[in-house]
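Numbering (my numbering), first residue to last: 6 to 350. C-beta: ideal position from N, C-alpha, C; glycine also.
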């Protein structure tokens, strides 16, 4: 195993303070302060000891399609609603998203109240999950974020098929023991790899306590099957990415004409079929019955899954956050869940 540096004193664990101690209950708009509804209860993030708001804000668009000021507005609204879980990747916008989130936390003084999650492995300068590049990628992310630790480190299995899992987890162990990382999660490891990781944890390696896989009303194969069985048996928390199917399940884009030929347009077009429109009609109906936006109904369906702790959603505008957080507090009936599940099959 890799030798560990001396363990430094640990700052407060994010997500453990009472909500009232850090989340304002009004939000300042041009028309004046607007009262906010009570925030939904936070959820345990698997066996990490972290408690998170049941919706994670993804920073994937920050520094790319979302300018720094707009990104700060998104994060401000999210925090005002009680949000404390921010997700990013070391490959997002060449690291600019991490810079933006780091500046926001520093300017607002909210680092200790924020659960910082980073998916590692896609940095062009330090690709993959080999020991050297993994350490360098984490240190580069820490520098961009202007912090001394990452609360949840997702290991991106799609970027490295060569490095043995034991080598990656040995490096993760050193990162945890040195205080640079609090907990370790997985992005798209196979069921067999999750089982191997749990066996290795009995030898002292960190557990993969959280699993990020693409999962939504329309696309379920990444989780359903063996991954779901293993996650259930190991009490692994799921934080689904692509929770809105690249935005299709928000109901904004319903025809092919306006979406263009961009990468995002191609992604949206993949859902524009009979099944996709059938699912959207049912989500529309459920949303009307609950008086919430269509996107919020899609989020509520995910949160009704026992394994799901917090879907990850990228937002391009502060107004999107206002819609999405309604899903975190919505309660679907069994009939609602069954109707949505059937429509998306």
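Once the 5 residues before and after residue i are set aside, which same chain residues still bring their CB inside 6 Å of it?
i: residue 97; result: 65
i: residue 332; result: 301, 304 and 305
i: residue 308; result: 59
i: residue 54; result: none
i: residue 186; result: 155, 158 and 180
i: residue 289; result: 299
i: residue 315; result: 57, 59, 60, 61, 90 and 244
i: residue 203; result: 239
i: residue 337; result: 305 and 309
i: residue 138; result: 131
i: residue 283; result: 348
i: residue 77; result: 109
i: residue 71; result: 321
Grab me the residues of residue i's own chain with a C-beta within less than 8 Å of its C-beta, minus the 5 sequence neighbours each way, in chain order.
i: residue 350; result: 280
i: residue 7; result: Below a pLDDT of 50, predicted positions are generally treated as unreliable, and residue 7, at 45, falls in that range; no measurement from the model is reported.
i: residue 232; result: 195, 196, 199, 216 and 218
i: residue 101; result: 67, 68 and 69
i: residue 230; result: 196
i: residue 152; result: 107, 110, 116 and 121
With a threshold of 7 Å on Cβ separation, who are the neighbours of residue i within its own chain once the five nearest residues in sequence on each side are excluded?
i: residue 21; result: Because the pLDDT of residue 21 is 48, which lies under 50, any placement of that residue in the model is unreliable, and the number read from its coordinates should be weighed accordingly. 56, listed in sequence order.
i: residue 119; result: 19, 89, 91 and 110
i: residue 206; result: 212
i: residue 313; result: 243, 245 and 307
i: residue 235; result: 196, 199 and 200
i: residue 11; result: Confidence in residue 11 is poor, its pLDDT being 33 and thus under 50, which makes the residue's placement unreliable; the coordinate value appears in the next sentence. Around residue 11: no qualifying Cβ.
i: residue 9; result: Since pLDDT at residue 9 reaches only 36, below the 50 mark, its modelled position is unreliable, and no value is offered.
Taking the DSSP output, what are the residues bridged to residue i?
i: residue 124; result: 94 and 159
i: residue 206; result: Its beta-bridge partners do not exist; DSSP assigns none.
i: residue 56; result: 49
i: residue 217; result: 192
i: residue 243; result: 216 and 313
i: residue 71; result: 67
i: residue 61; result: 317
i: residue 186; result: 155
Could you round the C-beta distance between residue i and residue j to whole angstroms and report it? I think they count as a contact, below 8 Å.
i: residue 328; j: residue 298; result: 4 Å
i: residue 61; j: residue 317; result: 4 Å
i: residue 115; j: residue 84; result: 7 Å
i: residue 128; j: residue 172; result: Actually they are not in contact, since the Cβ atoms of residue 128 and residue 172 sit about 18 Å apart, beyond 8 Å.
i: residue 335; j: residue 295; result: 6 Å
i: residue 285; j: residue 251; result: Going by Cβ atoms, the distance from residue 285 to residue 251 rounds to 13 Å, so no, they are not a contact pair.
i: residue 125; j: residue 106; result: Not a contact, Cβ separation roughly 15 Å.
i: residue 104; j: residue 149; result: 5 Å
i: residue 320; j: residue 79; result: 5 Å
- Query: Any contact of the region 209-223 with the region 241-253, i.e. 3+ C-beta pairs under 8 Å?
  - Reply: yes
- Query: Between the region 161-173 and the region 133-140, are three or more C-beta pairs nearer than 8 Å?
  - Reply: yes
- Assess, as a yes-or-no matter, whether the region 174-192 is touched by the region 223-235 under the definition of 3 or more beta carbon pairs within less than 8 Å. no
- Message: Tell me whether the region 177-185 and the region 148-160 touch, counting them as touching only if at least three CB pairs, one residue from each stretch, are closer than 8 Å.
- Response: yes
- Which whole runs of the alpha helix (DSSP H) in the region 271-346 are 4 residues long or more, in chain order? 279-295, 299-308 and 323-334
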